[in-house]
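Q:
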Amino acid sequence: MQVEQQKADINYKDISKKDIIHCESVIIKSRGNIGFEYYDQPFSHKNEIWSYSSKTNQTLVKFLYYYLSNNQHYFQKLVQSSSVKNPPQLSVSDTDEHEMPIPPLEIQQEIVKILDQFSALTTDLQSGILAEIGARKKQYEYYREKLLTFKPLNPHKDFKKC
Numbered sequence: 445m446q447v448e449q450q451k452a453d454i455n456y457k458d459i460s461k462k463d464i465i466h467c468e469s470v471i472i473k474s475r476g477n478i479g480f481e482y483y484d485q486p487f488s489h490k491n492e493i494w495s496y497s498s499k500t501n502q503t504l505v506k507f508l509y510y511y512l513s514n515n516q517h518y519f520q521k522l523v524q525s526s527s528v529k530n531p532p533q534l535s536v537s538d539t540d541e542h543e544m545p546i547p548p549l550e551i552q553q554e555i556v557k558i559l560d561q562f563s564a565l566t567t568d569l570q571s572g573i574l575a576e577i578g579a580r581k582k583q584y585e586y587y588r589e590k591l592l593t594f595k596p597l598n599p600h601k602d603f604k605k606c
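See below:
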């Protein structure tokens, strides 16, 4: 399930500088539907959300994002079996202690490149499909209107008014 990313319009002057994250990061949404978002712009987040960034050049943050997103079902099941039920919640230790294979940087770069291309293609296809659905809907409405709109006819001689 893909969840639409939500951003709030905020004035960064209203947020303490120490609470603004300026590096490429993965945000973990920990309540209800567990989710992961990739950010490469400055951001700040609230309590039930935390983020990871890379302190070295040996791990690509976008690789981490794709890995976590691919394992979203694992984390969702973990939450469902958790003792915290209302609403279900992932804990920081659940992601901190999760062992993640880190391939060499060159392989991470290739994986990210391929997945970025697939993501772009999927986005293009989805927008193309939505445009096609819109065009078919307009076409349907046009022909429905043509087929079901009748000009007033002169009364036929075989019919009489009741």
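First residue of the sequence shown: 445, per the numbering used here; consecutive thereafter. Beta carbons are placed, not taken as given, at the ideal position from N, Cα and C, and that holds for glycine. All values derive from a computational prediction rather than experimental measurement.
With H, G and I counted as helix, E and B as strand and the rest as coil, what does DSSP make of Lys582?
A: The sequence position of residue 582 within the sequence shown is 138, counting from 1. Lys582 falls in the helix class under three-state DSSP.
Q: Just list the residues that DSSP pairs Gly479 with in beta bridges.
A: Residue numbering aside, residue 479 sits at position 35 when the sequence shown is read from its first letter. Looking at the DSSP assignment, Gly479 forms a beta bridge with Lys473.
Q: By DSSP, does Thr593 sit in helix, in strand, or in coil?
A: As a working mapping, residue 593 is identified with position 149 in the sequence shown. Here Thr593 sits in coil by DSSP.
Q: By the 10 Å Cβ neighbour count, where 16 or more other Cβ atoms means buried, how is Ile573 classified, buried or exposed?
A: Translated into positions along the sequence shown, residue 573 becomes position 129. Exposed, by the Cβ-count rule.
Q: Which residues does DSSP list as the beta-bridge partners of Ser495?
A: Looking up residue 495 in the sequence shown gives position 51. Bridge partners of Ser495: Ile471.
Q: Looking only at its own chain, which residues have a Cβ that is under 7 Å from the Cβ of Gly476, when we skip the five neighbours before and after it?
A: The sequence position of residue 476 within the sequence shown is 32, counting from 1. Contacts found: Pro531, Pro532.
Q: Could you tell me the boundaries of the alpha helix (DSSP H) in which His542 lies?
A: Working through the sequence shown from its first residue, we reach residue 542 at position 98. Note, His542: premise wrong, no alpha helix (DSSP H); not H, not E.
Q: Measure the alpha-carbon distance for Tyr483 versus Ile471 and round it to whole angstroms.
A: As a working mapping, residue 483 is identified with position 39 in the sequence shown. As a working mapping, residue 471 is identified with position 27 in the sequence shown. Rounded to the nearest angstrom, the two C-alpha atoms are 7 Å apart.
Q: Using the C-alpha atoms, what's the distance from Tyr587 back to Gln449?
A: Along the sequence shown, read from residue 1 onward, the residue named residue 449 stands at position 5. Along the sequence shown, read from residue 1 onward, the residue named residue 587 stands at position 143. Summary for Gln449: the model assigns pLDDT 48, below 50, so the residue's position carries little reliability, and this model does not support an answer.
Q: According to DSSP, simplified to helix, strand and coil, what is Arg588?
A: Start at 1 with the first residue of the sequence shown, and residue 588 comes out as number 144. In this structure, Arg588 counts as helix in the three-state DSSP scheme.
Q: If you reduce the DSSP assignment to three classes, tell me which class Gln570 lands in.
A: Position 126 of the sequence shown holds residue 570. Gln570: helix per DSSP, three-state reduction.
Q: Please report the straight-line C-alpha distance between Gln570 and Phe562, rounded to a whole angstrom.
A: Walking along the sequence shown from the start, residue 570 turns up at place 126. Walking along the sequence shown from the start, residue 562 turns up at place 118. Answer to the nearest angstrom: the Cα atoms are 12 Å apart.
Q: Do you know how far the Cα of Asn515 is from the Cα of Ser474?
A: In the sequence shown, residue 474 corresponds to position 30, counting from 1. In the sequence shown, residue 515 corresponds to position 71, counting from 1. About 14 Å.
Q: Look at the alpha carbon of Tyr510 and the alpha carbon of Gly578, and state the distance between them as a whole number of angstroms.
A: The residue labelled residue 510 in the question sits at position 66 within the sequence shown. The residue labelled residue 578 in the question sits at position 134 within the sequence shown. Using only the alpha carbons, I get a separation of about 31 Å.
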